[in-house]
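Counting along the sequence shown from 1, when you hit position 144 you're at 203 in my numbering, and nothing is skipped either side.
Beta carbons are placed, not taken as given, at the ideal position from N, Cα and C, and that holds for glycine.
What follows is a short report on a single structure.
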Amino acid sequence: MSDKRIMCFGDSLTWGWIPVIEGVPTTRYPADVRWTGVLQAHLGDGFTIVEEGLSARTTMLNDPTDPRLDGSAYLPSALASHLPLDLVILMLGTNDTKAYFHRTPFEIAAGMSKLVGQVLGSAGGVGTAYPAPQVLIVAPPPLTPMPHAYFQSLFGGAHEKSAEFGKLYGDLADFMKVHFLNAGDHITTDGVDGIHFTPENNLVLGKAIAAKVSAIMQLETA
């Protein structure tokens with residue numbers, strides 16, 4: 060029997076950004092420290108994890124500082140490239156809270172809904188007959204205080220917005236009949252920059268997602 064293939068589509072929290080108090084530059088956590096690596100380790104044999112994290116990625120917004128960051132512009136190609144897939148984990152939204160986007164929490168959730176729709180409509184790929192994968196929405200955890208003045212300005216008003224992700228994304232998942240996990244039920248953004256994860260955050264979140272994925276796969280075979 061072939062491995063279950065799971066794609067993790069997200070931003071710097073998925074890429075493995077190591078938080079530094081001055082904001083940038085940084086480097087990446089090793090593969091076994093990132094939550095995706097923890098997920099692979101805890102699921103074990105029979106699962107293949109495909110990492111698709113890009114720092115500063117949004118759900119569906121064109122960032123004026125970088126043309127590469129619109130998640131909805133890239134996701135269809137990523138899906139076709141990595142099929143067959145059994146599950147796609149979507150964890151995005153934090154970057155949508157940046158001040159220059161002027162997005163409400165509901166508008167950010169609507170951006171996530173576009174990504175969900177792209178996954179659910181991805182059957183067939185390019186010249187193939189694979190079915191669309193299942194979806195697990197993961198609401199990013201709320202932001203914590205940021206020591207750097209630039210981040211404070213860049214994410215002005217973001218703390219209040221990110222605090223609403225758990226409810227709004229949960230409601231969205233229920234509406235679109237997909238799976239849901241609220242990262243804020245398990246971790247906070249404990250990195251020194253107030254945005255990113257510590258190794259412990261990655262470990263706890265990876266274990267929580269592994270438990271959720273195992274439950275999803277058990278439902279699939281029931």
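Sequence-distant residues of the same chain with beta carbon closer than 7 angstroms to residue i, five excluded per side
{"i": "Gly82", "result": "His207, Tyr209, Phe210, Asp252"}
{"i": "Pro143", "result": "Arg64, Tyr189"}
{"i": "Gly180", "result": "Ala191"}
{"i": "Phe106", "result": "Asp62, Lys63, Ile65, Gln99"}
{"i": "Val282", "result": "Residue 282 falls outside the range modelled here, since the chain spans only 60 to 281, and no answer is possible."}
Local Cβ density within 10 Å of residue i, reported as buried at 16 or more and exposed below that
{"i": "Lys220", "result": "buried"}
{"i": "Tyr228", "result": "buried"}
{"i": "Gln193", "result": "buried"}
{"i": "Gln99", "result": "buried"}
{"i": "Pro164", "result": "buried"}
{"i": "Val92", "result": "buried"}
{"i": "Thr187", "result": "exposed"}
{"i": "Thr156", "result": "buried"}
{"i": "Ala158", "result": "exposed"}
Distance between beta carbons of residue j and residue i, contact taken as under 8 angstroms
{"i": "Val178", "j": "Ile196", "result": "Their Cβ separation, rounded to whole angstroms, is 10 angstroms, which puts Val178 and Ile196 out of contact at 8 angstroms."}
{"i": "Ile65", "j": "Leu146", "result": "5 angstroms"}
Rounded separation between residue i and residue j - CA only
{"i": "Glu218", "j": "Met205", "result": "Correcting the residue identity first, residue 218 is His in this sequence and not Glu. Cα to Cα, the separation comes out at about 10 angstroms."}
{"i": "Glu111", "j": "Phe214", "result": "24 angstroms"}
{"i": "Asn261", "j": "Arg87", "result": "12 angstroms"}
{"i": "His141", "j": "Val109", "result": "8 angstroms"}
{"i": "Asp129", "j": "Glu259", "result": "29 angstroms"}
{"i": "Leu151", "j": "Ala168", "result": "9 angstroms"}
{"i": "Val237", "j": "Pro135", "result": "18 angstroms"}
Close-in-space but distant-in-sequence residues of the same chain around residue i (CB under 8 angstroms, 5 per side omitted)
{"i": "Val79", "result": "Thr85, Val251, Asp252"}
{"i": "His255", "result": "Ser71, Leu72, Trp76, Ile77, Pro78, Thr248"}
{"i": "Ser131", "result": "Thr118, Met119, Gly170, Lys173, Leu174, Gln177"}
Residues near residue i by beta carbon distance below 6 angstroms, same chain, minus five either side
{"i": "Pro200", "result": "Ala242, Gly243, Ile246, Thr247, Thr248"}
{"i": "Ser172", "result": "Leu231"}
{"i": "Ala222", "result": "Pro201"}
Within 8 angstroms, strictly: CB atoms of residue i and residue j
{"i": "Asn154", "j": "Thr95", "result": "no"}
{"i": "Leu20", "j": "Lys271", "result": "As shown, the chain starts at 60 and ends at 281. That puts residue 20 outside it, with no answer to give."}
{"i": "Leu41", "j": "Ser212", "result": "A question about residue 41 goes unanswered here, because the residues of the chain that appear run from 60 up to 281."}
{"i": "Ala198", "j": "Phe224", "result": "yes"}
{"i": "Ile275", "j": "Ile148", "result": "no"}
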